[in-house]
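Undergrad: Going down the list, the protein sequences come from chains E and V.
Heads up: the first sequence begins at 1 in this note's numbering, then just goes up one per residue.
Heads up: the second sequence begins at 197 in this note's numbering, then just goes up one per residue.
Each residue gets a CB set at the ideal place from its N, CA and C atoms; glycine is no exception.
Fair warning: this is a prediction, and the values are worked out from it, not measured in the lab.
Next up is a structure, given as structure tokens.
2 protein chains.
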Amino acid sequence: MTAPEIACWFDFASNYSYLSVLRLARQKDVIVRWKPFLLGPIFAAQGWNNSPFVLQKDKGDYVWQDMPRECVKYGLPWRQPSEFPRRSLLAARVALLGEHQPWMAEFCARVMLANFEHDEDIGNADVIAAILTSIGLDAPALLAAAQSDDNKARLRARSEEAAALHLFGAPTFFVGAEMYWGNDRLSDALSRATRG
Amino acid sequence: MTAPEIACWFDFASNYSYLSVLRLARQKDVIVRWKPFLLGPIFAAQGWNNSPFVLQKDKGDYVWQDMPRECVKYGLPWRQPSEFPRRSLLAARVALLGEHQPWMAEFCARVMLANFEHDEDIGNADVIAAILTSIGLDAPALLAAAQSDDNKARLRARSEEAAALHLFGAPTFFVGAEMYWGNDRLSDALSRATRG
């Protein structure tokens, strides 16, 4: 019998991805296939030049009422970022390098907490470097590798894969071919994964 | 001590409203303030001439994967409507007449089931008349009252109220001034209502 698996597609700029990444980083019963990607190209394909939470003011205002309640529900810290959405390009490039490394879950959780608990600018290389260092990694080497042409091409390929899978938001989960959109479906996706 | 209350804003054309209306029609512990309204003017204010589930094809395709799973979760019947979204104007006008009547919950549930279980055209007056008759009401009298100028004006006022409350989708719940958007938040809203 193979261990249950779930693929988690997320963007470090996405507040609902924050909830799911932290929830998945905690749990031990399911193998998580981390799929960092950028929502920007997905939104651009819709003709949107920003997050719908910015473009649709009423929805955006609601989201900032919803998030503190959601964080209480899941026992997670919360501070509304002073800038939203933050630039997640660099964090995504670093995360691509970590996808199959034992530090991946911890790195993703710390970047999310930097953005949504500590109100730090995750688009700043110093912030990402400090996170890498804090978990015992070689920050300069990883940042250099993250910005290599090869790795930039890998992130572009990831975006193409997201479009090919018909992703339209984040977080999005796959259990086999079955798609689940949104942190509100994570429990359902996990149940599906462990049911086999 | 006053009984717990929840306001439920919904559109008969909305598939996620279907889930919430059926769930609320069943439960007895909370007073439901039914608020039928039309999403059309809300979407039009965003520059949209249709449901986002039609305008955003990938999201729309996903919704029809999500709905059967959701209906299993809540123990509700489901058949994907052959037309979406259906015209909900007439049903909303009739529902306005029933807001404070004992038949309201039953009427709303039956219209929703006509749309999302029986694939009937709820925009057709004969379908609405048959539902009214099936619950022992005077269908011709209610349809005439629904189409009166006074009642049409009441629905326009309801749409203005929805905009003033910053609604951007349906279902939307209020417990006091606290807003909860989407069937995924109904349990949270009910907990909040009964917590007092």
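1) Give the list of continuous beta strand (DSSP E) stretches no shorter than 3 residues that lie fully inside the segment 23 to 108 of chain E.
2) Could you round the C-beta distance between alanine 125 of chain E and aspartate 11 of chain E to whole angstroms and report it? I think they count as a contact, below 8 Å.
3) Taking leucine 363 of chain V and tryptophan 205 of chain V to be in contact with their CB atoms under 8 Å, please state how far apart those CB atoms are, rounded to whole angstroms.
4) Of all the CB atoms in chain E, is at least one closer than 8 Å to the CB of aspartate 254 of chain V?
5) What does DSSP give as the partner residue(s) for phenylalanine 369 of chain V in the beta ladder?
6) At a Cβ cut of 7 Å, what residues of the segment 220 to 251 of chain V count as close to chain E, listed as they run along the chain?
7) Assign alanine 342 of chain V to one of three DSSP states: helix, strand, or coil.
8) Give the residues of chain E in contact with aspartate 393 of chain V, contact being defined as C-beta atoms less than 8 Å apart.
9) According to DSSP, is alanine 199 of chain V helix, strand or coil?
10) Report all residues from its chain with a CB closer than 8 Å to the CB of valine 63 of chain E; omit the five preceding and five following residues, and keep chain order.
11) Quick check: the Cα distance between valine 32 of chain E and serine 191 of chain E, rounded to an integer number of angstroms?
12) Given a cut-off of 8 Å, decide if alanine 358 of chain V and isoleucine 202 of chain V are closer than it, judged by their beta-carbon atoms.
13) If you draw a straight line from the C-alpha of threonine 390 of chain V to the C-alpha of leucine 235 of chain V, how long is it?
14) Hey, quick one: how far does the alpha helix (DSSP H) through serine 387 of chain V stretch, first residue to last?
15) Use the C-beta contact count for isoleucine 135 of chain E: other C-beta atoms within 10 angstroms, 16 or more gives buried, fewer gives exposed.
16) Roughly how far, in whole angstroms, is the beta-carbon of valine 307 of chain V from the beta-carbon of alanine 287 of chain V, given that I think they are within contact range, below 8 Å?
17) So is tyrosine 212 of chain V in contact with chain E if we call contact Cβ pairs under 8 Å?
18) Could you check where the alpha helix (DSSP H) with lysine 132 of chain E kicks off and where it finishes?
19) For the putative contact between asparagine 379 of chain V and leucine 215 of chain V, defined by C-beta atoms under 8 Å, what is the C-beta separation to the nearest angstrom?
20) Is it true that the segment 345 to 359 of chain V meets the segment 301 to 316 of chain V, where meeting means three or more beta-carbon pairs spaced less than 8 Å apart?
21) Measure the alpha-carbon distance for arginine 87 of chain E versus proline 68 of chain E and round it to whole angstroms.
22) Only counting the same chain, and skipping five residues up and downstream in sequence, which positions put a Cβ closer than 8 Å to that of glutamate 120 of chain E?
23) Give me the Cα-Cα distance between glutamine 56 of chain E and threonine 2 of chain E, rounded to the nearest whole angstrom.
24) When you compare the CB positions of alanine 305 of chain V and leucine 218 of chain V, do they come within less than 8 Å of one another, or not?
25) Do we get a CB-CB distance below 8 Å when we pair tryptophan 103 of chain E with the residues of chain V?
26) Who are the neighbours of aspartate 11 of chain E on chain V, taking C-beta pairs under 9 Å?
27) Whole angstroms are fine: how far does the CA of phenylalanine 107 of chain E sit from the CA of isoleucine 238 of chain V?
28) Assuming alanine 105 of chain E and alanine 25 of chain E are in contact, meaning their beta carbons sit under 8 Å apart, how far apart are those beta carbons, in whole angstroms?
29) For aspartate 61 of chain E, which of E/Gln101, E/Gln80 and E/Ala139 has the nearest alpha-carbon?
30) Helix, strand or coil: which one does DSSP assign to phenylalanine 364 of chain V?
31) Could you give the distance in angstroms between the alpha-carbon of alanine 340 of chain V and the alpha-carbon of leucine 285 of chain V?
32) Between aspartate 345 of chain V and serine 213 of chain V, what straight-line distance do the alpha-carbon atoms span, to the nearest angstrom?
33) Could you tell me the alpha carbon to alpha carbon distance between lysine 152 of chain E and alanine 95 of chain E, rounded to whole angstroms?
TA: Inspection of the coordinates gives the following:
1) 31 to 36
2) Not quite, the Cβ-Cβ distance comes to about 18 Å (not below 8 Å), so this is no contact.
3) 6 Å
4) yes
5) V/Cys204 and V/Tyr376
6) The residues in question are Gln242.
7) helix
8) No answer is possible for residue 393 of chain V: the residues shown for chain V start at 197 and end at 392.
9) coil
10) Asn15 and Phe53
11) If you draw a straight line from the Cα of valine 32 of chain E to the Cα of serine 191 of chain E, it comes to about 14 Å.
12) no
13) 28 Å
14) For serine 387 of chain V, the uninterrupted alpha helix (DSSP H) run begins and ends at 382 to 391, by DSSP.
15) Residue environment analysis places isoleucine 135 of chain E among the exposed positions, since fewer than 16 neighbouring C-beta atoms fall within 10 angstroms of its C-beta.
16) 5 Å between Cβ atoms; contact.
17) It does not: the Cβ of tyrosine 212 of chain V has no partner Cβ on chain E nearer than 8 Å.
18) One detail in the question is off: residue 132 of chain E reads as leucine in this sequence, not lysine. Leucine 132 of chain E -> alpha helix (DSSP H) spans 125 to 134.
19) 4 Å
20) Touching, no.
21) 22 Å
22) Ala114 and Val127
23) Glutamine 56 of chain E and threonine 2 of chain E: Cα-Cα distance of roughly 43 Å.
24) yes
25) So no, tryptophan 103 of chain E is outside the interface.
26) Chain V residues near aspartate 11 of chain E: none, gap ~16 Å exceeds 9 Å.
27) 41 Å
28) 4 Å
29) Looking at the Cα atoms, E/Gln80 is the closest of the given residues.
30) coil
31) 14 Å
32) Their Cα atoms are separated by approximately 27 Å.
33) 12 Å
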